[in-house]
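Down below is the structure, laid out as structure tokens.
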Amino acid sequence: MITSTLWRSAWPEGGLGDNGSNRNTGARCLRGFPRSEFADRCARAQKLMAEHGLAALLLTTEPEVRYFTGYLTRFWESPTRP
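As structure tokens, then:
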């Protein structure tokens with residue numbers, strides 16, 4: 001299932017506590033939104049994908065990646081990236 005794969009890849013190993021902290025290390029994971037919002041976004045995407053017969057979702061732009069993961073990286077600021 002897409003959610004389980006995406007869930008594991010976008011959140012720290014062991015998951016997050018209710019306050020957004022990593023259960024293994026206690027470090028806070030700043031994603032911009034709570035875990036419940038992440039689950040809702042994944043569920044909505046899966047529903048729409050199923051309705052349209054899509055098996056994969058390719059995220060290629062900063063807004064797409066940030067919307068689905070909340071992850072902000074300086075990768076998008078690379079001077080060698082088009």
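Residue 45 in my numbering sits at position 45 of the sequence shown; the count goes up by one each step and never skips.
The C-beta atom is built at its ideal place from N, Cα and C for all residues, glycine as well.
| request: Kindly list the residues whose CB is nearer than 8 angstroms to the CB of Glu37, restricted to its own chain and excluding five residues on each side of it in sequence; keep chain order. | output: none
| request: Decide if Thr61 is buried, meaning its Cβ has at least 16 other Cβ atoms within 10 Å, or exposed. | output: By the neighbour-count rule (16 or more Cβ atoms within 10 Å), Thr61 is not buried but exposed.
| field | 4-residue-minimum alpha helix (DSSP H) runs that sit fully inside the stretch 34–61, ordered along the chain | value | 35–51
| field | Closest by C-alpha distance to Gly32, when choosing among Leu58, Gly53 and Thr69 | value | Thr69
| Rounded Cβ spacing between Leu57 and Met49 (contact assumed at less than 8 angstroms) | 6 angstroms
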